[in-house]
Amino acid sequence: DTEVTQTPKHLVMGMTNKKSLKCEQHMGHRAMYWYKQKAKKPPELMFVYSYEKLSINESVPSRFSPECPNSSLLNLHLHALQPEDSALYLCASSRGGLVILGNEQFFGPGTRLTVL
Amino acid sequence: KQEVTQIPAALSVPEGENLVLNCSFTDSAIYNLQWFRQDPGKGLTSLLLIQSSQREQTSGRLNASLDKSSGRSTLYIAASQPGDSATYLCAVIISNFGNEKLTFGTGTRLTIIP
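Protein chains in written order, with this note's numbering: chain F, 914 to 1029; chain S, 886 to 999.
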């Protein structure tokens, strides 16, 4: 099973709402990632979790709050977002551990977020 | 700062032709390079991963090469089909204090004309 699942597929929220994005994998991977992708642009890294601990935060605003409850699950909590935060949010996972082993990243289908 | 560029930004070729997509990066201190395809509005599908010690990888009609010293990678697609139409992204993988970071190229939008 090389599948990363994400829910919901689409999300529309107001600037005062609180919502969460969910990502799940059952490949035994120990590294998980959040990316943000604007239209016609490549994905940009937001957060990296390694062995359930936040290891990289690419200076993401605090209105985005990641959480890794266990090795299979990754959440992204959203609060007080702005319209410019509308984008495709992608989750990915990789085996983790020694980089030199060649850790291929597998991506989920993404959540299309619209902030009104 | 690592910069990854893909040229051309868009490419249209007739079905059946062989084609090459290019990827260049500015910092050769990479660990691996990965090629993806992305269909409109969808997630990324991994095509090939080339480790830094390798020079090429093959999967079916796809062949990817890596030349770290010149900062270049190519993706060769043989006997193109309409189903190959998608945006192709290369991404270099670097290590940041033991954690992996993926930096994506700007992408090539490929259209195969039936």
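Ideal Cβ positions, reconstructed from N, Cα and C, are used throughout, including at glycine.
My assumption, with CB atoms under 8 angstroms, is that L994 of chain F sits in contact with M928 of chain F. Please give the rounded CB distance. Counting from 1 along the first sequence, the entry for residue 994 of chain F is found at position 81. Counting from 1 along the first sequence, the entry for residue 928 of chain F is found at position 15. Correct: roughly 6 angstroms between the Cβ atoms.
Among F:V1028, F:T1027, F:S1007, F:L1001, the one whose alpha carbon lies nearest that of K927 of chain S: The residue given as residue 927 of chain S occupies position 42 in the second sequence. Looking at the Cα atoms, F:L1001 is the closest of the given residues.
Check for me: the beta strand (DSSP E) holding T993 of chain S runs from which residue to which? Locating residue 993 of chain S in the second sequence gives position 108, counting from the first residue. Start and end: 993-998.
Compute the distance between the beta-carbons of A971 of chain S and R922 of chain S, then report whether it is under 8 angstroms. In the second sequence, residue 971 of chain S corresponds to position 86, counting from 1. In the second sequence, residue 922 of chain S corresponds to position 37, counting from 1. Yes, the pair counts as a contact, with Cβ atoms nearer than the cut-off.
May I have a chain-ordered list of the alpha helix (DSSP H) segments no shorter than 4 residues that lie completely inside the region 934-971 of chain F? none
Of all the alpha helix (DSSP H) runs that stay within the bounds of the region 935-959 of chain S, which reach a length of 4 or more residues? none
Integer-rounded CB distance, given that Q891 of chain S should sit under 8 angstroms from N907 of chain S: Your numbering for residue 907 of chain S matches position 22 in the second sequence. Your numbering for residue 891 of chain S matches position 6 in the second sequence. Yes, N907 of chain S and Q891 of chain S are in contact; Cβ-Cβ is about 6 angstroms, under 8 angstroms.
Using a Cβ-Cβ cut-off of 8 angstroms, state whether S931 of chain S counts as contacting chain F. Start at 1 with the first residue of the second sequence, and residue 931 of chain S comes out as number 46. So yes, S931 of chain S belongs to the interface.
Chain-ordered residues of the region 939-950 of chain S with a beta carbon less than 8 angstroms from chain F: none
For P967 of chain S, three-class secondary structure by DSSP: Your numbering for residue 967 of chain S matches position 82 in the second sequence. In this structure, P967 of chain S counts as helix in the three-state DSSP scheme.
A894 of chain S burial status per 10 Å Cβ neighbour count (16 or more: buried): By one-based count along the second sequence, residue 894 of chain S stands at place 9. The residue in question, A894 of chain S, is exposed, as its Cβ has fewer than 16 Cβ neighbours within 10 Å.
Look at the alpha carbon of P929 of chain S and the alpha carbon of R1025 of chain F, and state the distance between them as a whole number of angstroms. Position 44 of the second sequence holds residue 929 of chain S. Position 112 of the first sequence holds residue 1025 of chain F. This sequence places Leu at residue 929 of chain S; Pro is not what is there. Answer to the nearest angstrom: the Cα atoms are 14 angstroms apart.
In chain S, which residues lie with their C-beta within 9 angstroms of the C-beta of L977 of chain F? Mapped onto the first sequence, residue 977 of chain F falls at position 64. Sequence inspection shows Phe at residue 977 of chain F; the Leu mentioned does not correspond to that position. None at all; the shortest Cβ gap to chain S is about 18 angstroms.
Please report how far the alpha carbon of E1017 of chain F lies from the alpha carbon of S897 of chain S, in whole angstroms. Translated into positions along the first sequence, residue 1017 of chain F becomes position 104. Translated into positions along the second sequence, residue 897 of chain S becomes position 12. Those two C-alpha atoms are separated by around 29 angstroms.
With burial defined as no fewer than 16 other Cβ atoms inside 10 Å of the residue's Cβ, what is the status of T962 of chain F: buried or exposed? As a working mapping, residue 962 of chain F is identified with position 49 in the first sequence. Residue identity differs from the one stated: residue 962 of chain F is Tyr in this sequence, not Thr. Classification for Y962 of chain F: buried.
What residues from the region 890-919 of chain S come within 7 angstroms of chain F, judged by C-beta to C-beta, listed N to C? Y916, N917, Q919
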